[in-house]
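Single-structure report; data block below.
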Amino acid sequence: MNAIASFDPSKTWLGITPTLWWNDDFPLLDAGVTFEHCISEMALAGFRGCSIGHKYPTDPAVLKAALDLRGLRISEPWVSTYFTIEAMTEKTIKEAHAQLDFLDAVEAGSEDPRRADLVVAEFGGAINPLPVALFPNAPHFSDKQWDLLIAGLNRIGRIAHERGRNLCYHPHLGTGVMHPYAIERLFDNTDPLYVHMLLDTAHITAGGSDALAVTKKYAKRVKHVHLKDVRLAALEKVKKDGLSFEEGVIEGIFTVPGDGGITTLPDILQVLSEAGFTGWLMTEAEQVPKGDEPLMYAKMARAFFLEHLGW
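Be aware that the sequence shown starts at 0, since it is given in numbering that gives the first Met the number 0, and climbs by one per residue.
Listed below in structure tokens is the structure:
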């Protein structure tokens, strides 16, 4: 198939998360590989960046040296926000500053244009770490909680903006920003200058939204992408059997692009291309890693990008 989406590879970079090799939320889901092994396979598969995982060095100099050796850059750290719990606001702000400081240290002295974004999701009341049925128990915020969340995101979004970074919000299963109405409420009420969208095609789809429709509506807000797929039979089992988020991951609800049932992923890339997207195009799977499968799936994802981007 000819490439259908035109991105400038000097301004749009392909990356991958370590969730193919281990799961940061559920540490027992692990292929048993080291940090160095993981990032070596990322580079071998043809990716140029990666998100931060729990096995990564916490010394910026050590991390930078390991990544530089393999031609990789950090695409994002993760910050769980707790703005809907009013007493947690300042702690959340402090954590955002800490992650921004860490990124500045890792990237110090570099003129590489591949700069990391700050990725966040609201985890106040989140049930995705809990052994409870995912879909019936996902939280719904009160009006007051929405006000707190919107104000908090605008605040840290402005902090990130003033430090030269994009704050990208990640709608996530098991959180209060999972359902279609919640995604719309968040992005329709936050400041578009400070709060951007992380388009995670799998979480948005599994949460009940049409990922292509969301992309079309918010294309200009999208500054970071997690392109991944959903195995629809596994998703139906999670709903039918009342499985938890962890059980859904073990069941194989997520996979790399082209290996699941979201048929509109090429169209989503086209919409983003037409909207002038630049930044990180990431892939991930959040599945149970076994043996050599992480590298195999990473190469499958890279082949999907090659087919649909031409590079």
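Every residue, glycine too, gets a C-beta built ideally from N, C-alpha and C. The structure displayed is predicted, hence computed values, not measured ones.
Check                                                                                                             : Outcome
First through last residue of the alpha helix (DSSP H) which encompasses Arg230                                   : Note, Arg230: premise wrong, no alpha helix (DSSP H); not H, not E.
Sequence-distant residues of its chain with Cβ nearer than 8 Å to Gly251 (five each side left out)                : Arg230, Ala233, Gln286, Val287
Three-way DSSP call (helix, strand, coil) for Gly309 in this model                                                : coil
Burial state of Gly275 (16 or more Cβ within 10 Å)                                                                : exposed
Helix, strand or coil at Leu147 [DSSP, three-state]                                                               : helix
Where Gly222 sits in the DSSP three-state scheme                                                                  : Before going further, note that residue 222 is Lys rather than Gly in the sequence given. In this structure, Lys222 counts as strand in the three-state DSSP scheme.
Tyr168 - partner residues in DSSP beta bridges                                                                    : Val119, Met196
Cβ neighbours of Leu294 in the same chain (closer than 6 Å, five flanking residues each side left out)            : Glu40
Trp310 classed as buried or exposed, judged by whether at least 16 other C-beta atoms fall within 10 angstroms    : exposed
For Leu271 and Ala218, believed in contact at Cβ under 8 Å, the rounded distance                                  : 6 Å
Whole-angstrom distance between Asp24 and Pro128, CA atom to CA atom                                              : 7 Å
Helix, strand or coil at Leu311 according to DSSP, with G and I counted as helix                                  : One cannot answer for residue 311 here, as it falls past the ends of the chain, which runs 0 to 310.
Contact set for Asn22: own chain, Cβ-Cβ below 6 Å, skip 5 residues either direction                               : Leu28
Three-state class that DSSP yields for Phe140 in the structure shown                                              : coil
Assigned secondary structure, Asn1 (DSSP; H/G/I helix, E/B strand, else coil)                                     : For Asn1, the predicted structure reports a pLDDT of 49, less than 50, and the residue's modelled location is therefore unreliable. A value from the coordinates is still provided. Coil.
Nearest candidate by alpha-carbon position, reference Asp100, set Ile158, Gly45, Trp145                           : Ile158
Nearest neighbour of Met177, chosen from Asp67, Leu197, Pro138, Glu75 [CA to CA]                                  : Pro138
Between the CA atoms of Gly207 and Val237 - distance to the nearest angstrom                                      : 13 Å
Three-way DSSP call (helix, strand, coil) for Phe253 in this model                                                : strand
Environment of Gly314 [buried if 16+ CB atoms lie within 10 Å]                                                    : A query on residue 314 cannot be resolved here, the shown segment of the chain reaching from 0 to 310 and no further.
Length of the line joining the Cα atoms of Phe244 and Asp291                                                      : 24 Å
Spatial neighbours of Val105 in its chain, beta-carbon cut-off 7 Å, leaving aside the 5 residues before and after : Pro59, Leu62, Lys63, Ile73
Sub-8 Å separation of Lys227 and Val255 beta-carbons                                                              : yes
Of the listed residues Lys298, Lys239, Gly151, nearest to Thr91 (C-alpha basis)                                   : Gly151
C-alpha gap between Ala205 and Glu283, whole angstroms                                                            : 15 Å
Outcome for Ala210 when other beta-carbon atoms lying within 10 angstroms are tallied against a minimum of 16     : buried
Distance, Val118 Cα to Phe34 Cα                                                                                   : 21 Å
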